[in-house]
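Asker: This is the structure, below, for whatever I ask next.
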Amino acid sequence: MSADLMGYDEALEKFDPVMGLEVHVELNTASKMFCGCSTVFGAEPNTQTCPVCLGLPGAMPVVNRTGVESAIRIGLALNCSIAEWCRFARKNYFYPDMPKNFQTSQYDEPIAFEGFMDVDVDGEIFRVEIERAHMEEDTGKSTHVGGATGRIHGADHSLVDYNRAGIPLIEIVTKPIRGAGEKAPEVARAYVQQLRELIVALGVSEARMDQGNLRADVNLSLSVKGDDTLGTRSETKNVNSFRSIERAVRYEVQRHAAVLSEGGKIVQETRHWHEDTGITTSGREKSDAEDYRYFPEPDLVPVAPSAEWVEELRATLPENPTARRARLQGEWGFSDLEMRDTVGAGALGLVEETIAAGASPQSARKWWLSELARRANDAGVDLVDLAVTPADVARVQALVDAKSINDKLARQVFDGVLAGEGTPDEVVEKRGLAVVSDDGALSAAIDNAVAANPDVAEKIRDGKHAAAGALIGAVMKEMRGQADAGRVRELILEKLA
Amino acid sequence: MSDLTRRTAAQLADALAAGETSSVEVTQAHLDRIAEVDGAVHAFLHVDGEGALAQAREADARRAAGTSASGLDGVPIAVKDVLATRGMPTTCGSKILEGWFPPYDATVVERLRAAGTPILGKTNMDEFAMGSSTEHSAYGATHNPWDLDRIPGGSGGGSAAAVAAFEAPLAIGTDTGGSIRQPGAVTGTVGVKPTYGGVSRYGLVALANSLDQAGPVTRTVLDSALLHEVIGGHDKRDSTSIDQPLPKLVEAARLGATGDMRGVRVGVVKELTGEGYQAGVQARFDESVQLLVDAGAEVVEVSCPTFVHAMAAYYLILPAEASSNLAKFDAMRYGLRVLPEGVDAPSAEEVMRATRDRGFGDEVKRRIILGTYALSSGYYDAYYGQAQKVRTLITRDFAAAFEKADVLVSPTAPTTAFKLGEKLDDPIAMYLNDLATIPANLAGVPGISVPSGLAEEDGLPTGFQVLAPALADDRVYRVGAALEALLQDRWGGPLLDKAPSLNGVSA
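Encoded structure:
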């Protein structure tokens, strides 16, 4: 039952969107939040478990100090106050992938609170206020087998992998974001993008949305224009790419607007985001009866980070995003427009890493913002989730610079890398993509081209060098692109001098 | 050598050290005694004869090689079925855990194994330690060795009865509101609840995490001290365990045994005597206080006015924590799994519901409902929140009282052992058994119960409780050992000499 949508512009004339973003960051600590089990991704199911993370009777949690450290660093980077004293709490509810049937989390005493992030949206700064960042543990992962969609409905059985149970998470919750107006989708996207950059710079998480290291929930409600009263919100869960965040906000604005304009009511519920169709559908209705019965976890002692420790951690923070952007723009010599496009595409970190791997700023920008952006768009994924690394891009550019390949071949190299054929060098090798630098072979092809195009050859002999393009094209065609066009031109001009 | 079972753990340790007997002989003697009486007493849910004898052989091999693992190396022990034991079932007295073999040892059990004490088996208890009579065990009640028609106390009635019936010289109990001390009182044995955090809770299946504490169950104060020193001390797997050395407990017990109480200030808690206490219990208590005075103690009356709210606070905090702890029993990973009747392809939720309905007893369900309610949104502040405030006040009352006295004393339980079935249908009457023991759990302070004699009216054992400030466990050993020595002088031997022999009772 897909709801009717109102046109986006019309919706924005009548309503103001109010957003709340909840982002879960999976930390990259070596061990889990409350036990010594490994956190390595991709191990055989249920091999990274122990009595504690399986919630066996009698087992007790012990807090991972590195997890607390990462939480404090994230809090500080988000300009939050750090609690002098805080506790873990139990969030009680039943679910088969939650071993204890309560999640050890934080409730009214988060480790970090009251912060903000200045988000760059098309060159303008929008301040997103942070309500809290708190520590918690992940649940196990359920796989529902036998149904059509992988969801529990229609499945004939479910498998649970507890390797993920107990992995440390930091949940970052914004205050209601108002005043973004028509830019709400872009603000949401830019916030999560910038948050991811920050997490990567802090080095506390792999922060890969495609692997679930970074998961975003988008809460949205509409207020009638001119009236501050908050509308009923929907909570769209697990929106797992930047572009989906933008799309989900846009979709929910249009859906809410349509319902409200027809005199309908928004139901407070969780909604599922469908990447393929770009719509949300109703999940679980959130009634008032949902009661997590939070209370302080009696098996853990309070976390009380000393002021000295917090200051030590503050000294380890990376530079703030605004300063970083200004510095990088200067170092790279980008125009304002180039910088804005780079940030908007979520490519700042990728370009930086590509440059660090040896590419020039302009070549790094060129690949990410044109060729690779197009491919990401075609595949419907974020740039960071493309199966090509900054090191790959730098290597491709190095091959181009060495004239081993040209731009056209470079695109074929990316095809190969994205298809999983290996590193750029391996793809060049396997596909035989090296530029032909043998003047003899080129000379034969040129002779063929001259013979086939005597009139063009004549023009060149008459000094009309611009006509050489037609011959170069014919030679490149015969060489199936594997020639250095510059060298071909030189040889043609020599022959027809 | 049937008299091996009549000896104290300290005596057995001496005999083993002197080579007068072997751990295999001692262990076998207790296994024989279990075979002889446990059919009638039902202290054990599981007896591990083979495992215990294997450990005994190892202990003997160490002795033969001239080494020993600890002062208690080779002295057998029974463990309450609420502690996780590798290779032995751990049921917590509940059907929902029937047949569960933990893949790990509780820290206490690990320390017992390291100390070389052969583990005879697992003792009976009220389901998930909820009760004061052991009648709430899903596997049938334990019987009091003094009178088999009576309750042995609870929840640790199995451990107390095993020690009282000479089936084991030592046992481990756990005490959330009196489950070590009250069974001690009604079976004429010694039980100690250490300072909260003094003994690791890792592997203790939690009833109420902020109240639970494991401790010794023995026939003498010295034996408790010896055992306490084996199981106590910091454990990094329990965040609430105290990271500092234990006080010198054995030394304190030996000092106390001299009977010299000069310089010790004893506070009688006004709110824990008088009304509500059986006449014979009160009489034995008064007599014991007089003995301490005669031995040089200075006795003062202290008032702890907030103790009257202890029971109410306890029955909010305990069910709240328990309701959350018991959520993990959902048939998904271990233990009982019940498929609902008449349901084709039941969902996980339906299986959870059917299993919990069948697997939990009435008292457990009652407390889950109470706790769930107390934590509910809109009620939290009025119930759980308020109870925590009362807890703070009780802790302050203790602090004030310990300004005036080194230890506080009271009868351990208000009555002697009642008849099996007598209070089963009256939860409040059952809860009142723990009136005097609960405040110590709420404040985290240590306590001991030592036998103080037999009540005139029914000839059944009564207990004397000694409480000390947190971390001062040595004081309860000193005063407990002093009273034990003074009373045994008067009686001409241990109180348990007056208990029925039970010889051949199961035959």
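So the protein sequences, as listed, match chains R and E. Straight run, no breaks: the first sequence in the working numbering ends on number 497. Straight run, no breaks: the second sequence in the working numbering ends on number 1004. Backbone N, C-alpha and C define an ideal beta-carbon position, used for all residues, glycine too.
#1: Within 8 Å (strictly less), CB to CB, does Phe113 of chain R reach chain E?
#2: Just checking, does the stretch 118-130 of chain R make contact with the stretch 85-98 of chain R on the three C-beta pairs under 8 Å criterion?
#3: Starting from the C-beta of Lys886 of chain E, find all residues in its chain whose C-beta is less than 8 Å away, skip the five residues before and the five after it, and write them out in chain order.
#4: Quick one: Cα of Met758 of chain E to Cα of Leu788 of chain E, how far?
#5: Counting only runs that start and end within the stretch 798-832 of chain E, where is the alpha helix (DSSP H) found for 4 or more residues in a row?
#6: Assign Lys495 of chain R to one of three DSSP states: helix, strand, or coil.
#7: For Tyr93 of chain R, does the count of other Cβ atoms within 10 angstroms reach 16, so buried, or fall short, so exposed?
#8: With a cut-off of 8 Å on the beta carbons, I'd call Thr684 of chain E and Asn641 of chain E a contact; round off their distance for me.
#9: Compute the beta-carbon to beta-carbon distance between Asp462 of chain R and Asn406 of chain R, rounded to the nearest angstrom, for a pair I have assumed lies under 8 Å.
#10: Helix, strand or coil: which one does DSSP assign to Pro924 of chain E?
#11: Express the C-alpha separation of Ile245 of chain R and Thr280 of chain R in angstroms, rounding to a whole number.
#12: Name the chain E residues that come within less than 7 Å of Val301 of chain R, Cβ to Cβ?
#13: How would you label Trp552 of chain R, buried or exposed, when you count the other beta carbons within 10 angstroms and need 16 or more for buried?
#14: Could you please tell me which residues of the stretch 529-550 of chain E, in chain order, have their CB closer than 7 Å to any CB of chain R?
#15: With a CB to CB cut of under 6 Å and the five nearest residues on each side skipped, what residues in its chain are close to Leu743 of chain E?
#16: Tell me which residues share the same chain as Arg250 of chain R and place their Cβ nearer than 7 Å to its Cβ, disregarding the 5 neighbours each side in the sequence.
#17: List, in chain order, every chain R residue whose beta-carbon is nearer than 8 Å to that of Leu733 of chain E.
#18: Given that Glu818 of chain E touches chain R, what residues does it touch there, using C-beta distances under 7 Å?
#19: Just to confirm, is the Cβ distance from Ile935 of chain E to Ala884 of chain E under 8 Å?
#20: How is Ile945 of chain E classed by DSSP in three states: helix, strand or coil?
#21: Is Met498 of chain E close to chain R, meaning its C-beta is less than 8 Å from at least one C-beta of that chain?
#22: Assuming Val835 of chain E contacts Ala824 of chain E (C-beta within less than 8 Å), just tell me the rounded distance between them.
#23: Per DSSP, Trp273 of chain R is paired with what?
#24: Quick check on this structure: which residue in E:Thr518, E:Thr631, E:Pro666 and E:Phe782 has the alpha carbon closest to the alpha carbon of Gly650 of chain E?
#25: Looking at the secondary structure, which residues open and close the alpha helix (DSSP H) in which Ile571 of chain R lies?
#26: Kindly say whether Asp827 of chain E, judged by its beta-carbon, lies nearer than 8 Å to any beta-carbon of chain R.
#27: Suppose you measure from the CA of Leu921 of chain E to the CA of Lys862 of chain E; what does that come to, to the nearest Å?
#28: Would you kindly report the start and end of the unbroken alpha helix (DSSP H) that includes Thr524 of chain E?
#29: For Thr29 of chain R, I'd like the list of residues in its chain whose CB is within less than 8 Å of its CB, leaving aside the five on either flank, ordered along the chain.
#30: Mind checking Val218 of chain R: buried by the 16 CB within 10 Å criterion, or exposed?
#31: Taking the alpha helix (DSSP H) that Asp791 of chain E falls in, what are its first and last residues?
#32: For Phe826 of chain E, which option in E:Leu704, E:Arg987 and E:Gly637 has the closest C-alpha, if you only look at C-alpha atoms?
#33: Any Cβ of chain E within less than 8 Å of the Cβ of Arg90 of chain R?
#34: With which residues is Ser907 of chain E paired in a DSSP beta bridge?
#35: Verify whether the separation of the beta carbon atoms of Gly618 of chain E and Gly571 of chain E is less than 8 Å.
#36: Under 8 Å between C-beta atoms, does Ser634 of chain E make it to chain R?
Answerer: According to the structure shown:
#1: Along the first sequence, read from residue 1 onward, the residue named residue 113 of chain R stands at position 113. Under the Cβ distance rule, Phe113 of chain R does not count among the residues neighbouring chain E, no pair being separated by less than 8 Å.
#2: No, because fewer than three Cβ pairs between the stretch 118-130 of chain R and the stretch 85-98 of chain R fall closer than 8 Å, the two stretches do not touch.
#3: As a working mapping, residue 886 of chain E is identified with position 389 in the second sequence. Excluding residues within five positions, none has a Cβ falling inside 8 Å.
#4: Position 261 of the second sequence, counted from the first residue, corresponds to residue 758 of chain E. Position 291 of the second sequence, counted from the first residue, corresponds to residue 788 of chain E. In a straight line, the C-alpha of Met758 of chain E is about 10 Å away from that of Leu788 of chain E.
#5: List check, alpha helix (DSSP H) in window: 807-822.
#6: If you number the first sequence from 1, residue 495 of chain R lands on position 495. Three-state result, Lys495 of chain R: helix.
#7: The count along the first sequence starts at 1 and reaches residue 93 of chain R at position 93. It is exposed - the Cβ of Tyr93 of chain R has fewer than 16 other Cβ atoms within 10 Å.
#8: As a first step, residue 684 of chain E is located in the second sequence; it is residue number 187 there, counting from the start. As a first step, residue 641 of chain E is located in the second sequence; it is residue number 144 there, counting from the start. Rounded, the Cβ-Cβ distance is 6 Å, consistent with contact.
#9: Numbered from 1 along the first sequence, position 462 holds the residue referred to as residue 462 of chain R. Numbered from 1 along the first sequence, position 406 holds the residue referred to as residue 406 of chain R. About 29 Å separates the Cβ atoms of Asp462 of chain R and Asn406 of chain R, ruling out a contact at the 8 Å cut-off.
#10: Sequence index remark: in the second sequence, residue 924 of chain E carries index 427 (1-based). Secondary structure of Pro924 of chain E (DSSP, three-state): helix.
#11: Numbered from its first residue, the first sequence carries residue 280 of chain R at position 280. Numbered from its first residue, the first sequence carries residue 245 of chain R at position 245. Their Cα atoms are separated by approximately 12 Å.
#12: Indexing the first sequence from 1 puts residue 301 of chain R at position 301. The answer, in chain order, is Ser736 and Thr737.
#13: Outside the shown range of chain R, which is 1 to 497, sits residue 552 of chain R, and nothing can be said about it.
#14: Listed in sequence order: no entries.
#15: Taking the second sequence and counting its residues from 1, the one referred to as residue 743 of chain E is at position 246. Cβ neighbours of Leu743 of chain E beyond the five flanking positions: Gly729 and Gly730.
#16: The count along the first sequence starts at 1 and reaches residue 250 of chain R at position 250. Tyr8 and Pro185, listed in sequence order.
#17: Here residue 733 of chain E refers to the residue found at position 236 when the second sequence is read from its first residue. Just to set this straight, residue 733 of chain E is Lys in the shown sequence, not Leu. The CB of Lys733 of chain E comes closer than 8 Å to the CB of Val62 in chain R, given here in chain order.
#18: The residue labelled residue 818 of chain E in the question sits at position 321 within the second sequence. Correct list: Pro298.
#19: Residue 935 of chain E sits at position 438 when you count from the first residue of the second sequence. Residue 884 of chain E sits at position 387 when you count from the first residue of the second sequence. No, the Cβ-Cβ distance between Ile935 of chain E and Ala884 of chain E is not below 8 Å.
#20: The sequence position of residue 945 of chain E within the second sequence is 448, counting from 1. Here Ile945 of chain E sits in strand by DSSP.
#21: Your numbering for residue 498 of chain E matches position 1 in the second sequence. Its pLDDT being 40, under 50, Met498 of chain E is placed unreliably in this model, and the value from its coordinates should be taken loosely. Taking Cβ atoms only, chain R never reaches closer than 8 Å to Met498 of chain E, which makes this a no.
#22: Position 338 of the second sequence, counted from the start, is the residue given in the question as residue 835 of chain E. Position 327 of the second sequence, counted from the start, is the residue given in the question as residue 824 of chain E. Between Ala824 of chain E and Val835 of chain E the Cβ distance is about 17 Å, and since that is not below 8 Å, they are no contact.
#23: Taking the first sequence and counting its residues from 1, the one referred to as residue 273 of chain R is at position 273. Note: Trp273 of chain R is bridge-paired with R:Thr280 in the DSSP secondary-structure output.
#24: Taking the first residue of the second sequence as position 1, residue 650 of chain E is located at position 153. Taking only the C-alpha atoms, the option nearest Gly650 of chain E is E:Thr631.
#25: The structure shown does not extend to residue 571 of chain R, since chain R spans only 1 to 497, so no value can be given for it.
#26: As a working note, residue 827 of chain E is residue 330 in the second sequence. Interface residue, yes.
#27: Taking the second sequence and counting its residues from 1, one reaches residue 921 of chain E at position 424. Taking the second sequence and counting its residues from 1, one reaches residue 862 of chain E at position 365. Between Leu921 of chain E and Lys862 of chain E, the C-alpha separation is close to 15 Å.
#28: In the second sequence, the residue the question calls residue 524 of chain E occupies position 27. For Thr524 of chain E, the uninterrupted alpha helix (DSSP H) segment begins and ends at Ser520 to Val538.
#29: Indexing the first sequence from 1 puts residue 29 of chain R at position 29. Take Thr29 of chain R, set aside five residues on each side of it, and the residues of its chain with a beta-carbon closer than 8 Å to its own are Thr39, Asn64, Thr66, Gly67, Ser70 and Pro168, in chain order.
#30: Locating residue 218 of chain R in the first sequence gives position 218, where the first residue counts as 1. With 16 or more Cβ atoms within 10 Å of its Cβ, Val218 of chain R is classed as buried.
#31: In the second sequence, the residue the question calls residue 791 of chain E occupies position 294. Element bounds for Asp791 of chain E: Ala776 to Asp791.
#32: Residue mapping note: residue 826 of chain E aligns to position 329 of the second sequence, counting from 1. The shortest C-alpha separation from Phe826 of chain E is found at E:Leu704.
#33: For the purposes of this step, residue 90 of chain R is taken as the residue at position 90 of the first sequence. Yes, its Cβ sits closer than 8 Å to a Cβ of chain E.
#34: Within the second sequence, numbered from 1, the residue matching residue 907 of chain E stands at position 410. E:Gln962, per the DSSP bridge assignment.
#35: The count along the second sequence starts at 1 and reaches residue 618 of chain E at position 121. The count along the second sequence starts at 1 and reaches residue 571 of chain E at position 74. Not closer than 8 Å, so no.
#36: Locating residue 634 of chain E in the second sequence gives position 137, where the first residue counts as 1. Chain R has no Cβ within less than 8 Å of the Cβ of Ser634 of chain E.
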